[in-house]
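Residues 187 to 366 (the numbering used here) make up the sequence shown, in order.
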Amino acid sequence: MLLIGTYVAPSAIQGLGVFAGEAVARGRLMWSLNPKFDIFIREQEFEELPPHMREYLAHYAYPHLELPGVMILDSDNGKFMNHSLSPNTDFRVFDKGYALVDIAAGDEITCNYFEFDPRFTGLFGAGRAASAEAPQRSVSPIGLTVAAHDRGAQGQRAGNRQGGKIGYRAVREGPSRGDC
Numbered sequence: 187m188l189l190i191g192t193y194v195a196p197s198a199i200q201g202l203g204v205f206a207g208e209a210v211a212r213g214r215l216m217w218s219l220n221p222k223f224d225i226f227i228r229e230q231e232f233e234e235l236p237p238h239m240r241e242y243l244a245h246y247a248y249p250h251l252e253l254p255g256v257m258i259l260d261s262d263n264g265k266f267m268n269h270s271l272s273p274n275t276d277f278r279v280f281d282k283g284y285a286l287v288d289i290a291a292g293d294e295i296t297c298n299y300f301e302f303d304p305r306f307t308g309l310f311g312a313g314r315a316a317s318a319e320a321p322q323r324s325v326s327p328i329g330l331t332v333a334a335h336d337r338g339a340q341g342q343r344a345g346n347r348q349g350g351k352i353g354y355r356a357v358r359e360g361p362s363r364g365d366c
């Protein structure tokens, strides 16, 4: 859940993005996972949805790093946050997002998807590898395998035309990985 005022507008990065509606000081807590506000969807629930809703979730939801087989859908403008290798927010602690720099009102708010999606491969040109770009994590993924949902090549976000967090569906790696 975003803890600052924001708005959604066209993004120079891709599609739509989320922008600061107020000045944000470096170090300020900007986002916090809130189960009363952010929606948790289990794999079984995902599979029971009509195709258009599965596509929506594949576009905007992301895996929960501590609950295997669960994905999260931000119910506010956070779902429009675009990926950047030079983000202005820090999500290395899975359930918190802090301003890395002073953010002026009107600036696009960005995050590094590698910080909360361990299988994200990025929007890279030919020959660029994601592994060298990925930051060190403070929370290790537990039993998650992610697969692109109707996106073509695994890990590519080519179908995401409107911005937002990467659309991945968490799936179980095997029976020993925990109950989904």
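Using N, Cα and C, we set each Cβ at its ideal position, and we do this for glycine too. Being a predicted model, the structure only gives us computed values, none of them experimental.
task: State buried or exposed for Pro-249, treating a residue as buried only when at least 16 other CB atoms are found within 10 Å of its CB.
output: buried
field: Rounded straight-line distance, which links the Cα of Thr-192 to that of Gly-207
entry: 4 Å
message: Can you determine whether any heavy atom of the ligand ATP sits closer than 6 Å to the C-beta of Ser-261, and answer yes or no?
response: As for the ligand ATP, it is missing from this structure, which has no ligand bound.
task: Could you spell out the range, first to last residue, of the alpha helix (DSSP H) harbouring Ala-244?
output: 237-246
query: Under the three-state reduction of DSSP, which class applies to Gly-213: helix, strand or coil?
result: coil
field: Span of the beta strand (DSSP E), counted from its first residue to its last, around Phe-205
entry: 202-206
- prompt: Using DSSP with H/G/I as helix, E/B as strand and the rest coil, what is Gly-283?
  reply: strand
query: Under three-state DSSP, which class holds Phe-226?
result: strand
task: Grab me the residues of Phe-277's own chain with a C-beta within less than 6 Å of its C-beta, minus the 5 sequence neighbours each way, in chain order.
output: Gly-283, Cys-297, Glu-301, Phe-302
query: Straight-line CA distance for Gly-212 to Thr-275?
result: In the sequence under discussion, the amino acid at residue 212 is Arg, which differs from the Gly named in the question. Looking at the two C-alpha atoms, the distance is approximately 9 Å.
message: Checking the sheet assignment: what are the DSSP bridge partners for Leu-188?
response: Trp-217
- prompt: Who does Ser-231 pair with in a DSSP beta bridge?
  reply: The residue you asked about is not Ser; residue 231 is Glu in the sequence shown. DSSP, once it has assigned bridges, lists no residue as partnering Glu-231.
- prompt: In the structure shown, what three-state DSSP assignment does Glu-252 receive?
  reply: In the structure shown, Glu-252 sits in coil (DSSP, three-state: anything other than H, G, I, E or B).
- prompt: So what does DSSP say about Asn-263, is it helix, strand or coil?
  reply: Secondary structure of Asn-263 (DSSP, three-state): helix.
message: Suppose you measure from the CA of Glu-229 to the CA of Phe-306; what does that come to, to the nearest Å?
response: In a straight line, the C-alpha of Glu-229 is about 19 Å away from that of Phe-306.
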